[in-house]
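Asker: So that we are looking at the same thing, I have put the structure below in C-alpha cells.
Protein chains: 2
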Amino acid sequence: MIGVFDSGVGGLSILKYITKELPDYKYVYLADNARNPYGNHSQETVVKYTRQAVNYLFDRGVKLIIVACYSASSLALRTIQDEMLVKKNVKDRKILGVLRPVAEEAAKLTKNKRVGVIATRATTGSKAFETEIAKLDKGIRVFVKSCPLLVPLIEEQWGDKPETRKIAKAYLREMKSFNVDNLILGCTHYPLIQKTISQIMGKKVNVPNIGEIVAKSLKDYLGRHPEIEKSLSKGGAGNTALSNVEFLNTDKIPEFCQLGSKFLGHPITNIKKIDLSEY
Amino acid sequence: MIGVFDSGVGGLSILKYITKELPDYKYVYLADNARNPYGNHSQETVVKYTRQAVNYLFDRGVKLIIVACYSASSLALRTIQDEMLVKKNVKDRKILGVLRPVAEEAAKLTKNKRVGVIATRATTGSKAFETEIAKLDKGIRVFVKSCPLLVPLIEEQWGDKPETRKIAKAYLREMKSFNVDNLILGCTHYPLIQKTISQIMGKKVNVPNIGEIVAKSLKDYLGRHPEIEKSLSKGGAGNTALSNVEFLNTDKIPEFCQLGSKFLGHPITNIKKIDLSEY
Chain A
3 MIGVFDSGVG
13 GLSILKYITK
23 ELPDYKYVYL
33 ADNARNPYGN
43 HSQETVVKYT
53 RQAVNYLFDR
63 GVKLIIVACY
73 SASSLALRTI
83 QDEMLVKKNV
93 KDRKILGVLR
103 PVAEEAAKLT
113 KNKRVGVIAT
123 RATTGSKAFE
133 TEIAKLDKGI
143 RVFVKSCPLL
153 VPLIEEQWGD
163 KPETRKIAKA
173 YLREMKSFNV
183 DNLILGCTHY
193 PLIQKTISQI
203 MGKKVNVPNI
213 GEIVAKSLKD
223 YLGRHPEIEK
233 SLSKGGAGNT
243 ALSNVEFLNT
253 DKIPEFCQLG
263 SKFLGHPITN
273 IKKIDLSEY
Chain B
3 MIGVFDSGVG
13 GLSILKYITK
23 ELPDYKYVYL
33 ADNARNPYGN
43 HSQETVVKYT
53 RQAVNYLFDR
63 GVKLIIVACY
73 SASSLALRTI
83 QDEMLVKKNV
93 KDRKILGVLR
103 PVAEEAAKLT
113 KNKRVGVIAT
123 RATTGSKAFE
133 TEIAKLDKGI
143 RVFVKSCPLL
153 VPLIEEQWGD
163 KPETRKIAKA
173 YLREMKSFNV
183 DNLILGCTHY
193 PLIQKTISQI
203 MGKKVNVPNI
213 GEIVAKSLKD
223 YLGRHPEIEK
233 SLSKGGAGNT
243 ALSNVEFLNT
253 DKIPEFCQLG
263 SKFLGHPITN
273 IKKIDLSEY
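Structure representation (C-alpha cells):
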C-alpha cells in the first residue's frame, strides 16, 4: 500500500491528484486531526507526531509513505528519514515529502528567478523552501510569507467570503511588490482558494497546481524505482481510484468526512479512528 | 498551590483576575499548547488531554485545580471529577471549572430572562451552558452561537483589525435579533475583543467580565472551604501576585510568552516545558 499522511484534511487535496494519476494502487490516508493543526507547533512536537504516524503506517505494512503536509515535510521529514531508514539501513521502505518536487517545479518554471512561497508559520520558519530551491539553483531569489489565518478560514468554509479575500490581500500585499513570476502554495489547504490567490497576485504570476506536481513526481519516482513499485499492492479489476483508499484519523469522524470531501472532491467512507499516541 | 489549566494562552485572561483578587497564594499555570486548540476536538480527546493535565498537576502536589478553559470545562470536567475524586472518595483535592460561576452570574444578571452565549464549537456542542443555566432557572432562554474563527484571529493578533470586526459582526448578526440582555463570552480568548463585541451588540446588552466573575467565585469558594484553603501554600512576604506564578507549557516557549503576556497584561518568565503525553 501507499500511505499518505497529513495532520488533517489538507493532504486530501494532494491525494485527489495522486489517485487520479495512479489509480491502480491501494492507498491508506492517515490524518492526525486529534492534534492538528501542526502549522503552529514546534519542530520537536512535529517530529514526534510525524514519527508516531510513520511508525503506525510501517506497522500496517505500508511500503511507501507520502508526507502530504508541508509543515511535517519541512520540520520532520529529514530527521525521520535519517532515524528510521538511513541509520537502520532499511531499503525496502520509503518516505517521501511534498517539498522537493514542488521546489523542483518552481525552479524549472521561473524565468525571472524570483519565486514566492506562502505557507504556515512552521514551514516558513524552517526555511525549507529556501534551502531546497538553493540546492537546485543558487541564483533564484525566494520570498516567503506565512499566512496562518488562511487554514482556519478555509477549514471553516469561509474561503469564498469577502473577509477571506481581504485577509489574503493583506498577507499578499508585500509579495506583490517582489515581482515574483511563480507563487508556490506551500500549504495543502491553499489550493481550495487558489482562484482567489491567483486573482490577487494578477495574471503575470503563475500559481502551479501542487497536487498535479506531486502526483507526477510520484509516478516518475515509481518508474525509476521498480523494486519499490513491485512491492505495492494494487486494487482489484473494476475498482475506481478512490474505492482503493482506506481512511484513518484520530478524532471526530463525521466532521472529517464532511470537510474532507470538499478537499477530495469525493465523499469519504471506509474510515476508522485510531490512536497514534502509543506509537 | 492553586493550579490553573488551559489548552493555551486563553486561561491567562482568567489568571489575571484570580491573582489580582487572591494575590497571596502560589500558582502554577499549565498550558497544553502542543495539542491546542481544544475547541474543535471531540469530547473523547478533550477528556483524555484534560485527564493528563490534571494527573500531572496532582502529581506535582497541586490541591486545587481551576480548569480555565470552557471547552475542557464543558466536555471533560464532570467525567474527570467523577473518576478522579468522587469514585476514589478523594476529599482533599478539588477540580473546579469556569462554567458554573459564569452561568450563576448570568442567571442573576438577566432581567428579561434571555441570555446569549458565544463560544467554541466544543462548548456549544456540549450544551453545557444551557444545562447549567436551566439548573438555576428553567425560565431563562439561552441562545448560543459558536464563533470558531475568533480564536485564531485573536491569537494572530488581528483582534483590532476591521476584518475581525466584520467576522464578529457576521457571527453575531442572528444573536442581535434574539433580544438578549446579557451576552456571555464563553471562551477565554474573547475578553481580548470584549470592546468590539460590546460595540456590535449595542448598549442594551451587558457583556460581563468573565475573569472578575471567576476570581470572585473562587474567593467565595475558599471562604466556604477552609479545609482546602488551609492546604494551599502562600508566597513569601513582599511577593507580588504574579511573582507567585510558575508557568508550564508543552510547546514553543518564546511564542507562548509573547502572546501570553497580552492575555495576562504582564511579562511571562519562570516558564518550563513539560510532556503531558505520559500522564
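First to last, the protein sequences are chains A and B.
The first sequence lines up with residues 3 to 281 when you count with our numbering.
The second sequence lines up with residues 3 to 281 when you count with our numbering.
Cβ atoms here follow ideal geometry from the backbone N, Cα and C, with glycine treated the same way.
So what's residue 49 (chain B) in DSSP terms, helix, strand or just coil?
Answerer: For the purposes of this step, residue 49 (chain B) is taken as residue 47 along the second sequence, with counting starting at 1. Looking at residue 49 (chain B) - three-state DSSP - the assignment turns out to be helix.
Asker: Taking the alpha-carbon of residue 174 (chain A) as reference, which of A:121, A:224, A:222 and A:194 has the nearest alpha-carbon?
Answerer: Here residue 174 (chain A) refers to the residue found at position 172 of the first sequence. Of the candidates A:121, A:224, A:222 and A:194, the one whose C-alpha sits nearest the C-alpha of residue 174 (chain A) is A:121.
Asker: Please go through the region 28-113 of chain B and give each complete alpha helix (DSSP H) segment of 4 or more residues, from N-terminal end onward.
Answerer: Listed in chain order, the complete alpha helix (DSSP H) runs (minimum 4 residues) inside the region 28-113 of chain B are 45-61, 72-77, 79-83 and 101-111.
Asker: Is residue 43 (chain A) buried or exposed, if buried means 16 or more other CB atoms sit within 10 Å of its CB?
Answerer: If you number the first sequence from 1, residue 43 (chain A) lands on position 41. So residue 43 (chain A) ends up on the buried side.
Asker: Does the beta carbon of residue 256 (chain A) sit closer than 7 Å to a beta carbon anywhere in chain B?
Answerer: Counted from its first residue, the first sequence places residue 256 (chain A) at position 254. Cβ-Cβ to chain B under 7 Å: no for residue 256 (chain A).
Asker: Is residue 73 (chain A) closer than 7 Å to residue 124 (chain A) when the C-beta atoms are compared?
Answerer: Your numbering for residue 124 (chain A) matches position 122 in the first sequence. Your numbering for residue 73 (chain A) matches position 71 in the first sequence. Against a cut-off of 7 Å, the Cβ pair of residue 73 (chain A) and residue 124 (chain A) comes out as a contact.
Asker: My guess is that residue 233 (chain A) and residue 90 (chain A) are in contact by the Cβ rule of under 8 Å, so how many angstroms apart are they, rounded?
Answerer: Here the question's residue 233 (chain A) lines up with position 231 in the first sequence. Here the question's residue 90 (chain A) lines up with position 88 in the first sequence. Contact flag wrong, Cβ pair sits at about 17 Å.
Asker: Roughly how far, in whole angstroms, is the beta-carbon of residue 23 (chain A) from the beta-carbon of residue 218 (chain A), given that I think they are within contact range, below 8 Å?
Answerer: Numbered from its first residue, the first sequence carries residue 23 (chain A) at position 21. Numbered from its first residue, the first sequence carries residue 218 (chain A) at position 216. Rounded, the Cβ-Cβ distance is 6 Å, consistent with contact.
Asker: Our contact map puts residue 104 (chain B) next to residue 146 (chain B) with C-beta atoms below 8 Å; I'd like the distance itself, whole angstroms only.
Answerer: If you number the second sequence from 1, residue 104 (chain B) lands on position 102. If you number the second sequence from 1, residue 146 (chain B) lands on position 144. The Cβ separation is near 13 Å, so there is no contact.
Asker: Residues of chain B with CB under 8 Å from residue 150 (chain A), in chain order?
Answerer: Reading the first sequence from its first residue, position 148 is the one you call residue 150 (chain A). Near residue 150 (chain A) (Cβ distances below 8 Å), the residues of chain B are 154 and 158.
Asker: Using only alpha-carbon positions, find the residue among A:9, A:87, A:248 and A:168 that is nearest to residue 47 (chain A).
Answerer: Numbered from its first residue, the first sequence carries residue 47 (chain A) at position 45. Checking every option, the nearest Cα to that of residue 47 (chain A) belongs to A:9.
Asker: Report yes or no: is there a C-beta of chain B within less than 7 Å of the C-beta of residue 277 (chain A)?
Answerer: The count along the first sequence starts at 1 and reaches residue 277 (chain A) at position 275. False, the Cβ-Cβ gap to chain B never drops below 7 Å.
Asker: Please check if any C-beta of chain A sits within less than 7 Å of the C-beta of residue 36 (chain B).
Answerer: Against the second sequence, residue 36 (chain B) aligns to sequence position 34. Yes - at least one Cβ of chain A is within 7 Å of the one on residue 36 (chain B).
Asker: Going by the CB atoms, is the gap between residue 213 (chain B) and residue 19 (chain B) shorter than 7 Å?
Answerer: Reading the second sequence from its first residue, position 17 is the one you call residue 19 (chain B). Reading the second sequence from its first residue, position 211 is the one you call residue 213 (chain B). Against a cut-off of 7 Å, the Cβ pair of residue 213 (chain B) and residue 19 (chain B) comes out as a contact.
Asker: If you check the beta carbons only, do residue 117 (chain B) and residue 144 (chain B) fall under 7 Å apart?
Answerer: Here residue 117 (chain B) refers to the residue found at position 115 when the second sequence is read from its first residue. Here residue 144 (chain B) refers to the residue found at position 142 when the second sequence is read from its first residue. Going by C-beta atoms, residue 117 (chain B) is nearer than 7 Å to residue 144 (chain B).
Asker: I'd like to know whether the C-beta of residue 169 (chain A) is nearer than 7 Å to at least one C-beta of chain B.
Answerer: Residue 169 (chain A) sits at position 167 when you count from the first residue of the first sequence. Interface residue, yes.
Asker: Would you list the residues sitting across from residue 251 (chain B) in a DSSP beta bridge?
Answerer: Here the question's residue 251 (chain B) lines up with position 249 in the second sequence. Answer is B:33 and B:275, bridged to residue 251 (chain B).
Asker: Can the beta-carbon of residue 58 (chain A) be found closer than 7 Å to that of residue 278 (chain A)?
Answerer: As a first step, residue 58 (chain A) is located in the first sequence; it is residue number 56 there, counting from the start. As a first step, residue 278 (chain A) is located in the first sequence; it is residue number 276 there, counting from the start. Yes, the pair counts as a contact, with Cβ atoms nearer than the cut-off.
Asker: Would you call the region 253-267 of chain A in contact with the region 27-36 of chain A, where contact means no fewer than 3 C-beta pairs closer than 8 Å?
Answerer: Verdict: yes, contact present.
Asker: Across the region 191-203 of chain A and the region 151-168 of chain A, are there enough close Cβ pairs to call them in contact, namely three or more that are closer than 8 Å?
Answerer: With the cut-off at 8 Å, the region 191-203 of chain A and the region 151-168 of chain A touch.
Asker: Which residue's Cα is closest to the Cα of residue 282 (chain B): B:280, B:281, B:257 and B:216?
Answerer: The shown model of chain B, from 3 to 281, leaves out residue 282 (chain B), and the question about it has no answer.
Asker: Quick check: is the beta carbon of residue 253 (chain A) nearer than 7 Å to any beta carbon in chain B?
Answerer: Stepping through the first sequence from its first residue, residue 253 (chain A) is reached at position 251. At least one chain B Cβ lies under 7 Å of residue 253 (chain A).
Asker: Using the Cα positions of residue 183 (chain B) and residue 115 (chain B), report the straight-line distance between them to the nearest angstrom.
Answerer: Along the second sequence, read from residue 1 onward, the residue named residue 183 (chain B) stands at position 181. Along the second sequence, read from residue 1 onward, the residue named residue 115 (chain B) stands at position 113. So the alpha carbons of these two residues sit roughly 8 Å apart.
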